[in-house]
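Engineer: Residue numbers (the working numbering): 47 to 475. From the three backbone atoms N, C-alpha and C, an ideal C-beta is built for every residue, glycine too.
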Ligand SMILES: [Zn+2]
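Structure (structure tokens):
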């Protein structure tokens, strides 16, 4: 059967890998940071900037939020989320599970699914593996996530085991429903295979043609010449999710059970949910190298620039996080020398850009002093421009990560980047 996505590794250094994911809509160089468009759009940053300035190839949207508002009927009536939002590159949708499980007081969990009260109007709603697959088919995202249960970070071993067993049963149900939906033509983002990824679309963000010609050093055998649309089905791809909190033996068990079902890619869930940093790094160090080498590995909901680099060094390929826009709205800016907060009085007469080393359009033009003034005056442009810079900084960091892996200097890049990052922590972000 034709596959939904292609995954090709270009170079490796230690566990760190750089490669290209080809979906039916775009080619995505990895490691990749996926900006989060919770409601089908980013908070404060228009798609135009993502396309023209940052060359973002994939954005994440939240099933839970879009399911509640505007609702799947509206989005399906308007042709799916790509047409509705005009974002024509790749979309990944989460399953809604994580949001529902964070509504601790408002939900009732059964084998069948989760009943919960909408945070918008208090109405009773229901999500299950089948409903989540239905919604994600209506949205027409290019990468679909299975519906999972995420145990809390401090859950004991029995609760975590019960949770991962439920997650495994739900993963099976998700895949069954997903397959039926694909066969029934319910995917509103379906692309005829003849028009999947027209060659004109393929513009590498980096001069990687040379690197792409280099054989992978992993022993995998990616398809020949997979730089275009050859062999893609035009259908949605489905990723499985590995749970198990901080218990390594349970993580391994969850991995085995998920791989047994078989998915286009594998995600690590249940990290960055309140556990200590060393726990996250230990889980990644243990788990990532055991995940299938020939599938993309996605660490959900993580993280800071430091987390991204540390996870890449342990073998992770994909990330998403709301931090660039969430922090941006409260004046928090990420820079190559650590986080700063533009509200700090010391920036009142500062004529430097947010990050003198950043090439984004905000840093090219505006000073910290001016942005601080806008912020203090309650001008929405302050939040918009800091969010813009933060996204550009995250995207540029991943670009540099990819380049360093390709040139075999990732270890040096990692140590220099991290020590610089700690130089000027401004706190309070
Ligand atoms: Zn900038």
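Name the DSSP beta bridge partners of residue 76, please?
Structural biologist: Position 30 of the chain shown, counting from 1, holds the residue named residue 76. Answer is 65.
Engineer: Can you list, in chain order, the residues of its chain with a C-beta nearer than 8 Å to that of residue 106? Leave out the 5 residues immediately preceding and following it.
Structural biologist: The residue given as residue 106 occupies position 60 in the chain shown. Answer for residue 106: 80, 81, 82, 83, 137, 138, 139, 140, 366, listed in chain order.
Engineer: Would you say the beta carbon of residue 401 is closer than 7 Å to some non-hydrogen atom of ligand 1?
Structural biologist: Position 355 of the chain shown, counting from 1, holds the residue named residue 401. Answer for residue 401: yes, Cβ within range of ligand 1.
Engineer: Enumerate, from N- to C-terminal direction, the unbroken beta strand (DSSP E) stretches of 3 or more residues contained entirely within the stretch 351 to 419.
Structural biologist: The qualifying runs are 364 to 367, 378 to 381, 384 to 387.
Engineer: Could you check which residue in 362, 126, 231 has the C-alpha nearest to that of residue 447?
Structural biologist: Position 401 of the chain shown holds residue 447. With distances taken between Cα atoms, residue 447 lies closest to 362.
Engineer: Could you pull out every residue in the same chain whose Cβ sits closer than 7 Å to the Cβ of residue 441, ignoring the five residues on either side in sequence?
Structural biologist: Along the chain shown, read from residue 1 onward, the residue named residue 441 stands at position 395. 79, 100, 102.
Engineer: Mind checking whether the beta-carbon of residue 439 lies closer than 7 Å to any heavy atom of ligand 1?
Structural biologist: In the chain shown, counting from the first residue as 1, residue 439 sits at position 393. Yes.
Engineer: With 16 as the cutoff for other CB atoms within 10 Å, does residue 309 come out buried or exposed?
Structural biologist: On the chain shown, position 263 is the one that residue 309 refers to. Buried is the call here.
Engineer: Rounded to the nearest angstrom, how far is the Cβ of residue 196 from that of residue 289, given a contact under 8 Å?
Structural biologist: Start at 1 with the first residue of the chain shown, and residue 196 comes out as number 150. Start at 1 with the first residue of the chain shown, and residue 289 comes out as number 243. Indeed they touch by this definition, with Cβ atoms about 7 Å apart.
Engineer: Taking 8 Å as the threshold (C-beta atoms), are residue 417 and residue 388 in contact?
Structural biologist: Taking the chain shown and counting its residues from 1, one reaches residue 388 at position 342. Taking the chain shown and counting its residues from 1, one reaches residue 417 at position 371. Result yes, Cβ atoms of residue 388 and residue 417 sit closer than 8 Å.
Engineer: Does the Cβ of residue 458 have 16 or more other Cβ atoms within 10 Å, making it buried, or fewer, making it exposed?
Structural biologist: Residue numbering aside, residue 458 sits at position 412 when the chain shown is read from its first letter. Its Cβ having fewer than 16 others within 10 Å, residue 458 is exposed.
Engineer: Are residue 186 and residue 117 touching if we call contact CB-CB under 8 Å?
Structural biologist: Against the chain shown, residue 186 aligns to sequence position 140. Against the chain shown, residue 117 aligns to sequence position 71. No, Cβ-Cβ distance for residue 186 and residue 117 is not below 8 Å.
Engineer: Tell me the rounded alpha-carbon separation between residue 60 and residue 359.
Structural biologist: What you label residue 60 is simply residue 14 of the chain shown in a count that begins at 1. What you label residue 359 is simply residue 313 of the chain shown in a count that begins at 1. Going from the Cα of residue 60 to the Cα of residue 359 covers about 7 Å.
Engineer: Just how far apart, CA to CA, sit residue 392 and residue 236?
Structural biologist: Walking along the chain shown from the start, residue 392 turns up at place 346. Walking along the chain shown from the start, residue 236 turns up at place 190. If you take the alpha carbons of residue 392 and residue 236, they lie about 52 Å apart.
Engineer: Cα separation between residue 223 and residue 169?
Structural biologist: Here the question's residue 223 lines up with position 177 in the chain shown. Here the question's residue 169 lines up with position 123 in the chain shown. Near 26 Å, if we compare the C-alpha coordinates of residue 169 and residue 223.
Engineer: Please determine if the stretch 377 to 385 and the stretch 84 to 93 are in contact, where contact requires at least 3 C-beta pairs separated by less than 8 Å.
Structural biologist: Verdict: no, contact absent.
Engineer: Exposed or buried, which one is residue 464 when buried takes at least 16 other CB atoms within 10 Å?
Structural biologist: On the chain shown, position 418 is the one that residue 464 refers to. Its Cβ having fewer than 16 others within 10 Å, residue 464 is exposed.
Engineer: Would you mind giving the Cβ-Cβ distance between residue 321 and residue 349, rounded to the nearest angstrom? I have them listed as a contact below 8 Å.
Structural biologist: As a working note, residue 321 is residue 275 in the chain shown. As a working note, residue 349 is residue 303 in the chain shown. About 12 Å; that fails the 8 Å criterion.
Engineer: If you reduce the DSSP assignment to three classes, tell me which class residue 532 lands in.
Structural biologist: Past the edges of the chain, shown from 47 to 475, lies residue 532, and the structure says nothing about it.
Engineer: If you draw a straight line from the alpha carbon of residue 300 to that of residue 76, how long is it in whole angstroms?
Structural biologist: Stepping through the chain shown from its first residue, residue 300 is reached at position 254. Stepping through the chain shown from its first residue, residue 76 is reached at position 30. Between residue 300 and residue 76, the C-alpha separation is close to 25 Å.
Engineer: What span of residues does the beta strand (DSSP E) with residue 139 cover, start to end?
Structural biologist: As a working note, residue 139 is residue 93 in the chain shown. Its beta strand (DSSP E) spans residues 136 to 139.
Engineer: Determine the burial state of residue 468: buried for a count of at least 16 other Cβ atoms within 10 Å of its Cβ, exposed for fewer.
Structural biologist: By 1-based counting over the chain shown, the position of residue 468 is 422. Exposed: under 16 other Cβ atoms inside 10 Å.
Engineer: Just how far apart, CA to CA, sit residue 154 and residue 461?
Structural biologist: To locate residue 154, count along the chain shown from 1; it is residue 108. To locate residue 461, count along the chain shown from 1; it is residue 415. Roughly 46 Å separates the two Cα atoms.
Engineer: Please report how far the alpha carbon of residue 421 lies from the alpha carbon of residue 238, in whole angstroms.
Structural biologist: Here residue 421 corresponds to residue number 375 of the chain shown, with the count starting at 1. Here residue 238 corresponds to residue number 192 of the chain shown, with the count starting at 1. Those two C-alpha atoms are separated by around 47 Å.
Engineer: Is residue 181 helix, strand or coil by DSSP?
Structural biologist: On the chain shown, residue 181 is found 135 positions in, with the first residue counted as 1. DSSP places residue 181 in helix when its eight states are reduced to three.
Engineer: Three-state secondary structure (DSSP) at residue 121?
Structural biologist: Counted from its first residue, the chain shown places residue 121 at position 75. Reduced to three states, the DSSP call for residue 121 is helix.
Engineer: Suppose you measure from the CA of residue 129 to the CA of residue 162; what does that come to, to the nearest Å?
Structural biologist: Within the chain shown, the letter at position 83 stands for residue 129. Within the chain shown, the letter at position 116 stands for residue 162. Rounded to whole angstroms, residue 129 to residue 162 spans 29 Å at the Cα level.
Engineer: In chain order, what residues of the same chain lie with their CB nearer than 8 Å to the CB of residue 74, ignoring the 5 residues before and after it?
Structural biologist: Position 28 of the chain shown, counted from the start, is the residue given in the question as residue 74. Hits under 8 Å: 66, 67, 68, 103, 104, 136.
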